[in-house]
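*Asks:* I'd like to ask you about the structure that follows.
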Amino acid sequence: MPSLPKLRPPLPVHRYGIVATLLTVLLVGLSLASLRPPDAESKDEPGSSFSARHALEDVDVLSEQRRPPGSAGLRSARSYLTDRLTELGGTVSARPQSVVRDEAGTALAAEVVNLHARFPGTAGDKAGTILLMAHYDGVPAGPGAADNAANVASVLEVVRALRSQGETRNTIEVLLTDAEEPGLLGAHAFAQGRKLKPDRTVVVNLEARGVSGPSIMFESGARNSTAVSALGSAGRPIATSLADEVYAYLPNDTDFSEFKELGFAGLNFAFVEGSARYHTAGDSLANLSPASVQHQGDNVLATVRDLAQRDLSGLDDDGEHTYFAVFGLVVHYPQYLVLPLALLAAAVFGAALWYARRLGTARSGVVRAALTFPLPLIAAAAVGFGGWELLAVLRPGYADLSMGDGYHPLWFRAAFLCLTGAAVTGWYVWLRRRVNGTQAVLGIWSWFTLLALATAVLAPGAGYLFGWPVLLGGAALLVALRRAGTDSFWTSVAACAGVLTAVPLMLPVIVLIFPTLGLVTAAVPLVVAALLVALALPLLDLLPRRSRAAGSLLALAAGLALLFTGVRVDAFDADHPRHTSLAYVWDDDSGTGRWMSSDGAPPAWTERLAGSSRADLRSELPTYPTTLSGGLASRAQESPKDRPAVPEVSVEPAKSGSGDRAKDGPRTVRLHIEPPRGTSYVTVFADTSGHRVESAEVLGEKVAGGANRPSSPAPWKWGLAVWTIPDDGLDVTLRVTGEGRIPVRVTSYTPGLPKAAGRLPDDLTWGTYGAVLTDVTVAGTTVRG
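One point on numbering: in this note's numbering, the residue at position 295 of the sequence shown is 297, and numbering is uninterrupted.
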């Protein structure tokens with residue numbers, strides 16, 4: 003067969019480079035624009051659309067008081083929300099319910115009051131159910147405007163907009179959960195006790211881990227094809243099944259987790275920017291972004307409206323789908339297609355590699371490119387880790403921020419991205435002196451092929467990121483090789499198909515991973531960014547040769563300039579306070595107290611009390627949180643002026659059928675605990691070195707025995723934390739075996755500090771992210787039963 007005539011560029015090479023570069027820049031701009039939340043709806047009468055203005059009126063009321071479990075603020079919010087749901091036409095129930103979660107680490111217990119409202123569908127027995135959910139409690143440190151008053155208000159506004167168009171085919175149920183912050187207790191109680199059918203129910207949960215940013219659908223449940231398809235009805239959906247894969251490895255949970263474990267289909271929405279104000283006094287209405295509320299509401303309303311009219315009887319037949327949003331469109335397909343697509347991509351790449359070898363491309367150049375490609379990826383990770391360490395030195399307070407993100411993290415994200423770009427392009431300049439463009443492209447794409455195959459097997463939700471660029475780019479490269487041989491110009495033009503495919507797929511992931519993981523783990527999005535930049539490297543071959551090195555140097559200079567500008571701009575002040583932690587811990591057994599802090603670099607105000615020395619106090623104070631493993635601790639103070647109140651514990655003598663010895667079987671030990679006024683929660687720990695807790699009972703609920711704290715360095719291997727203490731005190735019953743009386747440690751946690759702490763300065767705020775022990779007085783005593 004006669005060979006096809008080889009193509010020659012009809013225009014100077016650099017003009018093609020400019021066109022390709024402009025097209026890439028256009029796709030970058032469109033991708034970034036698709037991640038921008040819409041402006042807040044300002045209509046006085048929004049009708050059937052979602053209005054952030056309406057929702058913010060509810061947020062204003064809900065955030066007037068702080069709403070930790072069992073507080074007066076939470077009771078006030080409950081009353082208000084009951085009235086609002088009734089106004090919307092729902093049948094509302096608010097039944098107190100005791101709940102226990104037997105967790106590894108410490109069992110959790112509370113009396114919760116979930117708000118449940120039902121809006122029946124018109125399909126009768128054939129109706130499915132959409133469970134619209136948000137938690138209405140908050141943390142003691144702040145008003146919780148974003149987390150989670152904004153989402154509770156959004157649920158109300160979604161229901162109003164739905165009801166404005168009449169009844170729906172399927173039943174809408176609203177669940178506003180109590181005690182999410184201590185450990186998903188309200189959701190656990192509802193999920194375990196309510197007889198919802200997973201095969202006819204879709205759960206939609208609303209959350210926040212910041213005060214701004216776009217609404218992200220970051221987690222779907224089992225059999226997600228129907229739910230993900232409905233998400234496509236939203237105007238600006240942002241979603242990726244990669245988030246499902248990443249979230250599975252993070253130590254985070256939401257109320258949706260309780261339903262996902264039971265096999266429910268569903269969608270989990272959140273906005274996550276502005277995490278410096280998360281769980282602080284700065285989570286206020288003034289700092290809440292109306293655009294984020296609007297975006298979250300728009301996406302949830304469109305999705306629920308679609309689901310409300312669908313036949314949900316076939317959810318059992320739904321499969322797992324890979325999904326991602328591109329320019330506002332949701333693309334999804336069955337996960338069983340991920341591996342075949344990856345294999346097809348590998349076959350296309352293999353054909354291109356074989357054809358290039360047939361045309362004389364040296365194998366050694368491809369191998370050199372492939373073997374050295376990990377270098378820029380390692381450099382990207384080093385930028386992330388090293389950049390964070392540098393920031394922690396230049397601004398010590400960053401180390402105590404939530405996930406390391408300050409109040410203006412965009413400066414640092416842009417700086418790290420520029421430095422990563424400099425590292426990748428610098429490697430390419432070095433490589434191109436040793437191999438030609440075709441060899442470089444094939445060497446880079448060999449890694450993408452391996453990643454496509456690996457993710458298809460190990461993390462199918464992420465497989466699309468690598469499979470599609472290789473498949474489409476490899477096909478274009480194969481055509482170029484067929485028509486133009488190994489001419490590096492047409493190879494570079496064809497290779498641009500890879501980056502043009504990858505930009506709308508990978509760029510949103512990079513942008514969204516940054517606030518999700520924070521600057522502390524910036525290495526993760528930077529490695530993804532390095533992969534994306536690597537696909538764009540053939541553009542350099544279409545530009546004048548001198549632009550390659552110049553581009554790398556320009557990116558390096560821009561990165562350094564952005565980094566040091568960010569350090570100057572992102573300073574702490576009264577409007578952007580530095581995070582700190584401080585607690586006073588009193589041990590009534592020894593009659594001593596300590597000031598403690600988990601700050602990495604404490605400000606002077608905190609250091610004057612907690613000191614500057616660090617110690618592992620878990621053996622001395624074993625029943626306190628694990629944050630004591632390396633925190634600051636002052637010297638023990640005996641009989642201080644502001645000696646805190648301690649729990650009053652009365653012990654009913656142990657009883658058994660015929661005596662107290664272990665051979666007679668388990669004994670019953672009853673404790674009555676009256677904690678200090680205002681106590682948030684109480685912990686009860688048992689010394690299991692010579693005894694075993696067989697079981698326990700609290701708030702009328704059974705608690706498992708054994709050793710639920712196996713990693714504790716002390717003998718206190720069984721523990722229980724109880725929230726929402728009854729007015730007349732807390733009764734705890736233990737069933738124990740072992741000779742003699744069992745030591746039991748009872749500890750109260752009460753918001754606020756002794757007067758000696760003084761007033762928190764305006765340029766500081768309590769940082770309560772994670773397990774930080776702060777702005778709390780802890781008092782413990784040991785009894786024997």
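No residue lacks a Cβ here, since even glycine has one placed at the ideal position from N, Cα and C.
So residue 81 and residue 159 are in contact, right, with Cβ under 8 angstroms, and what is the actual spacing, rounded?
*Replies:* What you label residue 81 is simply residue 79 of the sequence shown in a count that begins at 1. What you label residue 159 is simply residue 157 of the sequence shown in a count that begins at 1. With 8 angstroms as the limit, residue 81 and residue 159 do not qualify as a contact, their Cβ atoms being about 19 angstroms apart.
*Asks:* Taking 6 angstroms as the limit between beta carbons, can you name the residues of its chain near residue 469, skipping five residues before and five after?
*Replies:* Position 467 of the sequence shown, counted from the first residue, corresponds to residue 469. Excluding residues within five positions, the ones whose Cβ falls inside 6 angstroms are 343, 344, 347 and 454.
*Asks:* Between which two residues does the alpha helix (DSSP H) harbouring residue 337 extend?
*Replies:* Taking the first residue of the sequence shown as 1, we reach residue 337 at position 335. Looking at the DSSP string, residue 337 is not in any alpha helix (DSSP H), and its letter there is neither H nor E.
*Asks:* Between which two residues does the beta strand (DSSP E) harbouring residue 167 extend?
*Replies:* For the purposes of this step, residue 167 is taken as the residue at position 165 of the sequence shown. First-last for residue 167: undefined, no H or E at that position.
*Asks:* Do you know how far the Cα of residue 734 is from the Cα of residue 705?
*Replies:* Indexing the sequence shown from 1 puts residue 705 at position 703. Indexing the sequence shown from 1 puts residue 734 at position 732. Going by the C-alpha atoms only, they are around 10 angstroms apart.
*Asks:* Would you tell me roughly how many angstroms separate the C-alpha atoms of residue 710 and residue 698, rounded to the nearest one?
*Replies:* Indexing the sequence shown from 1 puts residue 710 at position 708. Indexing the sequence shown from 1 puts residue 698 at position 696. So the alpha carbons of these two residues sit roughly 12 angstroms apart.
*Asks:* Quick test of your reading: residue 308 and residue 232, contact by CB under 8 angstroms. State the CB separation rounded to the nearest angstrom.
*Replies:* Here residue 308 corresponds to residue number 306 of the sequence shown, with the count starting at 1. Here residue 232 corresponds to residue number 230 of the sequence shown, with the count starting at 1. Confirmed, about 4 angstroms.
*Asks:* By the DSSP assignment, the alpha helix (DSSP H) with residue 301 in it spans what residues?
*Replies:* Working through the sequence shown from its first residue, we reach residue 301 at position 299. If you look at residue 301, you'll find it in the alpha helix (DSSP H) that goes 292-310.
*Asks:* Cα separation between residue 569 and residue 633?
*Replies:* Against the sequence shown, residue 569 aligns to sequence position 567. Against the sequence shown, residue 633 aligns to sequence position 631. If you take the alpha carbons of residue 569 and residue 633, they lie about 26 angstroms apart.
*Asks:* Within 8 angstroms, do at least three Cβ pairs link the stretch 320-340 to the stretch 178-186?
*Replies:* no
*Asks:* Within 10 angstroms of the Cβ of residue 2, are there 16 or more other Cβ atoms? Answer buried if so, exposed if not.
*Replies:* With the chain running from 3 to 787 in the structure shown, residue 2 is simply not present.
*Asks:* Between 531, 760, 719 and 743, which lies nearest to residue 108 when the distance is taken from Cα to Cα?
*Replies:* As a first step, residue 108 is located in the sequence shown; it is residue number 106 there, counting from the start. Taking only the C-alpha atoms, the option nearest residue 108 is 719.
*Asks:* Might you give, ordered along the chain, the residues of its own chain that have their beta carbon closer than 7 angstroms to the beta carbon of residue 258, omitting 5 neighbours on each side?
*Replies:* If you number the sequence shown from 1, residue 258 lands on position 256. Only 205, 207, 221, 268 and 270 meet the Cβ criterion.
*Asks:* Classify residue 683 as helix, strand or coil using the three-state DSSP reduction.
*Replies:* Position 681 of the sequence shown holds residue 683. Reduced to three states, the DSSP call for residue 683 is strand.
*Asks:* Scan the stretch 128-189 and note each continuous alpha helix (DSSP H) run of 4 residues or more that stays entirely inside, going in chain order.
*Replies:* 153-165 and 182-185
*Asks:* Candidates 782, 707, 104 and 600: which alpha carbon is nearest residue 681's?
*Replies:* Locating residue 681 in the sequence shown gives position 679, where the first residue counts as 1. Checked all of 782, 707, 104 and 600; the closest Cα to residue 681 is 782.
*Asks:* Which of the three DSSP states, helix, strand or coil, is assigned to residue 18?
*Replies:* Within the sequence shown, numbered from 1, the residue matching residue 18 stands at position 16. The three-state secondary structure of residue 18, taken from DSSP, is helix.
*Asks:* Shortest alpha-carbon distance to residue 195 belongs to which of 377, 116, 317 and 283?
*Replies:* Translated into the one-based positions of the sequence shown, residue 195 becomes position 193. If we check each option's Cα against that of residue 195, 116 comes out closest.
*Asks:* Do residue 443 and residue 381 have their beta-carbon atoms positioned less than 9 angstroms apart in this structure?
*Replies:* Working through the sequence shown from its first residue, we reach residue 381 at position 379. Working through the sequence shown from its first residue, we reach residue 443 at position 441. Cβ distance not < 9 angstroms, so residue 381 and residue 443 don't count as in contact.
*Asks:* Name the one or two DSSP bridge partners that residue 269 has.
*Replies:* For the purposes of this step, residue 269 is identified with residue 267 of the sequence shown, where counting begins at 1. 206 and 222, per the DSSP bridge assignment.
*Asks:* Using beta-carbon positions only, say whether residue 1 and residue 740 come within less than 9 angstroms of one another.
*Replies:* A query on residue 1 cannot be resolved here, the shown segment of the chain reaching from 3 to 787 and no further.
*Asks:* Check this for me: beta carbons of residue 476 and residue 350, under 9 angstroms apart or not?
*Replies:* Start at 1 with the first residue of the sequence shown, and residue 476 comes out as number 474. Start at 1 with the first residue of the sequence shown, and residue 350 comes out as number 348. Going by C-beta atoms, residue 476 is nearer than 9 angstroms to residue 350.
*Asks:* Determine the extent of the alpha helix (DSSP H) in which residue 801 is found, giving its start and end residues.
*Replies:* Shown here, the chain extends from 3 to 787; a query on residue 801 therefore has no answer.
*Asks:* Which residues bound the beta strand (DSSP E) around residue 453?
*Replies:* In the sequence shown, counting from the first residue as 1, residue 453 sits at position 451. No beta strand (DSSP E) holds residue 453; the alpha helix (DSSP H) holding it covers 439-460.
*Asks:* Between residue 837 and residue 305, what straight-line distance do the alpha-carbon atoms span, to the nearest angstrom?
*Replies:* It is not possible to answer for residue 837, since the shown part of the chain is limited to 3 through 787.
*Asks:* Where do the ends of the beta strand (DSSP E) carrying residue 699 lie?
*Replies:* Here residue 699 refers to the residue found at position 697 when the sequence shown is read from its first residue. First-last of the beta strand (DSSP E) with residue 699: 694-700.
*Asks:* Exposed or buried, residue 88, counting other C-beta atoms within 10 Å across all chains shown (16 or more means buried)?
*Replies:* Start at 1 with the first residue of the sequence shown, and residue 88 comes out as number 86. It is exposed - the Cβ of residue 88 has fewer than 16 other Cβ atoms within 10 Å.
*Asks:* To the nearest angstrom, how far is it from the Cα of residue 291 to the Cα of residue 277?
*Replies:* Along the sequence shown, one-based indexing puts residue 291 at 289. Along the sequence shown, one-based indexing puts residue 277 at 275. About 13 angstroms.
*Asks:* Between which two residues does the alpha helix (DSSP H) holding residue 608 run?
*Replies:* In the sequence shown, residue 608 corresponds to position 606, counting from 1. Unbroken alpha helix (DSSP H) run through residue 608: 606-612.
*Asks:* In its own chain, which residues sit with a C-beta less than 7 angstroms from the C-beta of residue 336, not counting the 5 before and 5 after it?
*Replies:* Position 334 of the sequence shown, counted from the start, is the residue given in the question as residue 336. So the list reads 321 and 323, once near-sequence residues are dropped.
*Asks:* Excluding the 5 residues preceding and the 5 following residue 764 in the sequence, name in chain order all residues of the same chain whose CB lies nearer than 8 angstroms to its CB.
*Replies:* For this step, residue 764 is matched to residue 762 along the sequence shown. Cβ neighbours of residue 764 beyond the five flanking positions: 576 and 579.
*Asks:* Residue 591 to residue 112, Cα distance in whole Å?
*Replies:* What you label residue 591 is simply residue 589 of the sequence shown in a count that begins at 1. What you label residue 112 is simply residue 110 of the sequence shown in a count that begins at 1. If you take the alpha carbons of residue 591 and residue 112, they lie about 27 angstroms apart.
*Asks:* Please classify residue 413: does DSSP put it in a helix, a strand, or coil?
*Replies:* Indexing the sequence shown from 1 puts residue 413 at position 411. Three-state DSSP puts residue 413 in a helix.
*Asks:* Please list, in chain order, all residues of the same chain as residue 474 whose beta carbon is under 8 angstroms from its beta carbon, the five residues on each side excluded.
*Replies:* Position 472 of the sequence shown holds residue 474. Once the five neighbours on either side are set aside, the close Cβ partners of residue 474 are 499, 500 and 503.
*Asks:* Measuring straight from C-alpha to C-alpha, what distance separates residue 237 and residue 330?
*Replies:* Numbered from 1 along the sequence shown, position 235 holds the residue referred to as residue 237. Numbered from 1 along the sequence shown, position 328 holds the residue referred to as residue 330. Looking at the two C-alpha atoms, the distance is approximately 7 angstroms.
*Asks:* Run the CB neighbour count on residue 418, radius 10 Å, all protein chains shown included, and call it buried at 16 or more, exposed below.
*Replies:* As a position in the sequence shown, residue 418 is number 416, starting the count at 1. By the 10 Å Cβ count, residue 418 comes out buried.
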